[in-house]
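Student: Residue numbers (the working numbering): 73 to 322.
Even glycine gets a Cβ: it sits at the ideal position worked out from N, Cα and C.
Predicted, not measured: the structure shown is a model, and the values here were computed from it.
One structure follows; several queries about it will come next.
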(Lines of atoms letter the chains of each structure in order from A and count residues from 1; the text may use other names and numbers.)
(Lines give C-alpha, C1' and ligand atoms only; values in the text may rest on other atoms or scores of the structure.)
Protein backbone atom coordinates (compact mmCIF):
# COMPACT_ATOMS: atom_id res chain seq x y z
CA UNK A 1 0.00 0.00 0.00
CA UNK A 2 0.97 3.63 -0.45
CA UNK A 3 -0.53 6.72 1.16
CA UNK A 4 -1.61 9.89 -0.61
CA UNK A 5 0.67 12.82 0.29
CA UNK A 6 -2.34 15.14 0.26
CA UNK A 7 -5.12 13.33 2.16
CA UNK A 8 -3.30 10.35 3.69
CA UNK A 9 -5.65 7.73 2.17
CA UNK A 10 -4.06 4.28 1.69
CA UNK A 11 -4.07 3.10 -1.94
CA UNK A 12 -2.94 0.00 -3.82
CA UNK A 13 0.77 0.05 -4.67
CA UNK A 14 0.11 0.16 -8.43
CA UNK A 15 -2.46 3.02 -8.24
CA UNK A 16 -1.69 6.10 -10.35
CA UNK A 17 -4.19 8.39 -8.58
CA UNK A 18 -5.58 8.55 -5.04
CA UNK A 19 -9.01 6.88 -4.84
CA UNK A 20 -10.10 9.41 -2.20
CA UNK A 21 -9.06 12.83 -3.56
CA UNK A 22 -7.75 12.06 -7.06
CA UNK A 23 -4.20 13.34 -6.44
CA UNK A 24 -1.75 11.92 -8.99
CA UNK A 25 1.10 9.86 -7.56
CA UNK A 26 4.61 10.72 -8.68
CA UNK A 27 6.64 8.20 -10.62
CA UNK A 28 8.77 5.75 -8.64
CA UNK A 29 12.20 7.04 -7.73
CA UNK A 30 15.44 5.65 -6.41
CA UNK A 31 15.91 5.98 -2.67
CA UNK A 32 18.31 8.70 -1.67
CA UNK A 33 20.99 7.11 0.53
CA UNK A 34 20.89 8.21 4.15
CA UNK A 35 21.83 7.01 7.58
CA UNK A 36 19.15 5.02 9.39
CA UNK A 37 18.78 7.44 12.29
CA UNK A 38 19.02 11.18 12.80
CA UNK A 39 22.12 12.72 14.35
CA UNK A 40 21.67 14.28 17.77
CA UNK A 41 22.50 17.98 17.90
CA UNK A 42 25.98 18.84 19.13
CA UNK A 43 26.54 22.14 20.92
CA UNK A 44 29.45 23.89 19.25
CA UNK A 45 31.01 26.48 21.54
CA UNK A 46 31.50 29.82 19.71
CA UNK A 47 34.62 31.96 20.00
CA UNK A 48 32.50 34.52 21.86
CA UNK A 49 32.35 34.21 25.64
CA UNK A 50 28.76 33.01 26.21
CA UNK A 51 28.84 33.16 30.01
CA UNK A 52 26.98 36.48 29.98
CA UNK A 53 24.08 35.17 27.88
CA UNK A 54 20.72 35.17 29.65
CA UNK A 55 18.05 33.40 27.58
CA UNK A 56 15.36 34.85 29.88
CA UNK A 57 13.11 31.79 29.68
CA UNK A 58 9.53 32.23 30.87
CA UNK A 59 7.18 29.25 31.04
CA UNK A 60 3.93 29.95 29.22
CA UNK A 61 1.35 27.21 28.59
CA UNK A 62 3.87 24.52 29.46
CA UNK A 63 6.65 25.75 27.15
CA UNK A 64 9.76 27.79 27.95
CA UNK A 65 9.68 30.95 25.83
CA UNK A 66 13.01 32.79 25.42
CA UNK A 67 13.30 36.55 25.82
CA UNK A 68 14.41 37.30 22.27
CA UNK A 69 14.83 41.01 22.97
CA UNK A 70 17.34 40.18 25.72
CA UNK A 71 19.11 37.74 23.42
CA UNK A 72 19.42 40.29 20.61
CA UNK A 73 20.81 42.88 23.03
CA UNK A 74 23.54 40.39 23.96
CA UNK A 75 24.26 39.78 20.28
CA UNK A 76 24.56 43.49 19.51
CA UNK A 77 26.88 44.23 22.42
CA UNK A 78 29.01 41.09 22.66
CA UNK A 79 29.20 39.21 19.37
CA UNK A 80 31.47 40.12 16.43
CA UNK A 81 29.98 39.76 12.97
CA UNK A 82 32.20 36.82 11.99
CA UNK A 83 30.96 34.78 14.97
CA UNK A 84 27.22 35.43 14.50
CA UNK A 85 26.40 32.13 12.79
CA UNK A 86 28.13 30.06 15.48
CA UNK A 87 26.49 32.07 18.26
CA UNK A 88 23.02 31.74 16.72
CA UNK A 89 23.52 27.97 16.39
CA UNK A 90 24.53 27.85 20.06
CA UNK A 91 21.44 29.84 21.09
CA UNK A 92 19.10 27.72 18.98
CA UNK A 93 20.38 24.46 20.48
CA UNK A 94 19.90 25.84 24.02
CA UNK A 95 16.36 26.91 23.11
CA UNK A 96 15.40 23.57 21.56
CA UNK A 97 17.02 21.52 24.32
CA UNK A 98 14.90 23.43 26.83
CA UNK A 99 11.77 22.70 24.79
CA UNK A 100 12.76 19.02 24.65
CA UNK A 101 12.97 19.06 28.44
CA UNK A 102 9.53 20.70 28.62
CA UNK A 103 7.99 18.05 26.37
CA UNK A 104 9.77 15.14 28.04
CA UNK A 105 9.31 11.57 26.79
CA UNK A 106 11.22 10.84 23.60
CA UNK A 107 11.82 14.48 22.68
CA UNK A 108 15.33 15.20 21.45
CA UNK A 109 17.17 17.77 19.35
CA UNK A 110 18.67 16.59 16.07
CA UNK A 111 20.74 18.26 13.38
CA UNK A 112 21.41 18.06 9.66
CA UNK A 113 23.21 20.32 7.21
CA UNK A 114 20.47 22.97 7.05
CA UNK A 115 18.42 22.21 10.17
CA UNK A 116 18.16 21.86 13.90
CA UNK A 117 15.09 19.75 14.63
CA UNK A 118 13.07 19.24 17.81
CA UNK A 119 11.25 15.92 17.52
CA UNK A 120 9.67 13.18 19.60
CA UNK A 121 9.05 10.90 16.60
CA UNK A 122 12.09 8.70 17.13
CA UNK A 123 15.46 8.94 15.41
CA UNK A 124 14.53 6.91 12.30
CA UNK A 125 11.36 8.80 11.38
CA UNK A 126 13.08 12.09 12.20
CA UNK A 127 15.94 11.14 9.85
CA UNK A 128 13.44 10.42 7.07
CA UNK A 129 11.77 13.81 7.44
CA UNK A 130 15.06 15.69 7.83
CA UNK A 131 16.36 14.06 4.63
CA UNK A 132 13.20 15.21 2.87
CA UNK A 133 13.44 18.73 4.33
CA UNK A 134 17.04 18.98 3.08
CA UNK A 135 15.89 17.89 -0.35
CA UNK A 136 13.09 20.47 -0.37
CA UNK A 137 15.47 23.30 0.60
CA UNK A 138 17.85 22.30 -2.20
CA UNK A 139 14.94 22.23 -4.66
CA UNK A 140 13.73 25.67 -3.55
CA UNK A 141 17.22 27.13 -3.90
CA UNK A 142 17.83 25.59 -7.33
CA UNK A 143 14.41 26.76 -8.55
CA UNK A 144 14.32 30.28 -7.11
CA UNK A 145 18.09 30.92 -7.14
CA UNK A 146 18.91 34.36 -5.67
CA UNK A 147 15.25 34.99 -4.79
CA UNK A 148 15.47 32.46 -1.93
CA UNK A 149 16.46 33.82 1.49
CA UNK A 150 20.20 34.16 2.09
CA UNK A 151 22.38 36.20 4.43
CA UNK A 152 20.78 34.88 7.63
CA UNK A 153 22.75 33.46 10.56
CA UNK A 154 22.12 30.06 12.15
CA UNK A 155 20.37 27.00 10.78
CA UNK A 156 16.70 26.59 9.94
CA UNK A 157 14.54 25.20 12.74
CA UNK A 158 11.99 22.41 12.35
CA UNK A 159 9.68 21.20 15.14
CA UNK A 160 7.92 17.85 14.75
CA UNK A 161 5.18 16.89 17.22
CA UNK A 162 3.70 13.39 17.55
CA UNK A 163 0.90 14.77 19.73
CA UNK A 164 -1.45 17.29 18.12
CA UNK A 165 -2.32 18.75 21.55
CA UNK A 166 1.36 19.59 22.12
CA UNK A 167 1.52 21.18 18.66
CA UNK A 168 -1.54 23.39 19.24
CA UNK A 169 -0.38 24.32 22.74
CA UNK A 170 2.94 25.43 21.26
CA UNK A 171 1.59 27.49 18.34
CA UNK A 172 -1.26 29.10 20.32
CA UNK A 173 1.33 31.45 21.84
CA UNK A 174 1.78 33.06 18.42
CA UNK A 175 -1.93 33.71 17.79
CA UNK A 176 -4.17 36.40 19.22
CA UNK A 177 -5.71 35.44 22.58
CA UNK A 178 -4.01 32.05 22.38
CA UNK A 179 -6.65 30.73 19.97
CA UNK A 180 -6.13 27.32 18.36
CA UNK A 181 -6.25 27.48 14.57
CA UNK A 182 -6.56 24.07 12.94
CA UNK A 183 -3.62 23.45 10.64
CA UNK A 184 -1.37 20.75 9.23
CA UNK A 185 1.67 22.90 9.97
CA UNK A 186 2.79 26.49 10.20
CA UNK A 187 5.72 28.75 9.40
CA UNK A 188 6.33 31.08 12.34
CA UNK A 189 8.17 34.25 11.38
CA UNK A 190 8.22 35.87 14.84
CA UNK A 191 11.45 35.99 16.87
CA UNK A 192 13.50 33.17 15.28
CA UNK A 193 11.84 31.92 12.10
CA UNK A 194 10.84 28.25 12.30
CA UNK A 195 8.45 25.61 10.99
CA UNK A 196 6.26 23.48 13.28
CA UNK A 197 3.92 20.63 12.38
CA UNK A 198 2.03 17.71 13.91
CA UNK A 199 3.14 14.47 12.28
CA UNK A 200 0.26 12.11 11.46
CA UNK A 201 2.43 10.17 9.00
CA UNK A 202 5.48 10.89 6.88
CA UNK A 203 3.43 11.32 3.71
CA UNK A 204 1.21 14.10 5.04
CA UNK A 205 4.27 15.72 6.62
CA UNK A 206 5.96 15.64 3.20
CA UNK A 207 3.25 17.82 1.65
CA UNK A 208 3.29 20.23 4.59
CA UNK A 209 7.08 20.60 4.58
CA UNK A 210 7.11 21.75 0.95
CA UNK A 211 4.47 24.39 1.68
CA UNK A 212 5.93 25.78 4.91
CA UNK A 213 9.60 25.66 3.89
CA UNK A 214 8.76 27.66 0.77
CA UNK A 215 7.21 30.30 3.03
CA UNK A 216 10.34 30.11 5.20
CA UNK A 217 12.69 30.81 2.29
CA UNK A 218 10.53 33.66 0.98
CA UNK A 219 9.91 35.36 4.33
CA UNK A 220 12.38 38.17 3.60
CA UNK A 221 10.34 39.39 0.62
CA UNK A 222 7.39 41.83 0.93
CA UNK A 223 5.29 39.93 -1.61
CA UNK A 224 1.48 39.50 -1.69
CA UNK A 225 -0.11 36.26 -0.52
CA UNK A 226 -1.27 35.29 -4.02
CA UNK A 227 2.31 35.42 -5.33
CA UNK A 228 3.58 33.50 -2.33
CA UNK A 229 1.00 30.77 -2.95
CA UNK A 230 1.88 30.70 -6.65
CA UNK A 231 5.54 30.09 -5.82
CA UNK A 232 4.51 27.33 -3.41
CA UNK A 233 2.66 25.60 -6.27
CA UNK A 234 5.74 25.99 -8.48
CA UNK A 235 7.97 24.37 -5.86
CA UNK A 236 5.46 21.56 -5.26
CA UNK A 237 5.54 20.77 -8.99
CA UNK A 238 9.33 20.79 -9.02
CA UNK A 239 9.47 18.45 -6.03
CA UNK A 240 6.98 16.07 -7.70
CA UNK A 241 8.88 16.18 -10.99
CA UNK A 242 12.19 15.35 -9.31
CA UNK A 243 10.48 12.73 -7.10
CA UNK A 244 12.00 11.64 -3.80
CA UNK A 245 11.22 8.38 -2.06
CA UNK A 246 10.75 8.41 1.70
CA UNK A 247 10.37 5.37 3.92
CA UNK A 248 6.92 4.74 5.38
CA UNK A 249 6.53 3.87 9.02
CA UNK A 250 3.67 1.53 8.06
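1) Would you mind reading off the limits of the beta strand (DSSP E) that contains residue 187?
2) On the CB-based measure, 16 or more other CB atoms within 10 Å of its CB, does residue 284 come out buried or exposed?
3) Quick check: the Cα distance between residue 173 and residue 192, rounded to an integer number of angstroms?
4) Residue range of the beta strand (DSSP E) that residue 268 falls in?
5) Determine whether the beta carbon atoms of residue 127 and residue 166 lie at a separation below 8 Å.
6) Quick check on the burial criterion: 16 or more other C-beta atoms within 10 angstroms. Buried or exposed for residue 298?
7) Might you give, ordered along the chain, the residues of its own chain that have their beta carbon closer than 6 Å to the beta carbon of residue 302, omitting 5 neighbours on each side?
8) Considering only C-alpha positions, which residue in the set 228, 124, 131 and 132 is nearest to residue 147?
9) Kindly list the residues whose CB is nearer than 6 Å to the CB of residue 233, restricted to its own chain and excluding five residues on each side of it in sequence; keep chain order.
10) Do residue 187 and residue 156 have their beta-carbon atoms positioned less than 8 Å apart in this structure?
11) Does the distance from the C-beta atom of residue 110 to that of residue 205 stay below 8 Å?
Tutor: Let me lay it out:
1) 187-191
2) buried
3) 11 Å
4) 266-270
5) Yes.
6) Label assigned to residue 298: exposed.
7) none
8) Among 228, 124, 131 and 132, the Cα nearest to that of residue 147 is on 124.
9) Here the set comprises 239 and 270.
10) no
11) No, the pair does not count as a contact, with Cβ atoms beyond the cut-off.
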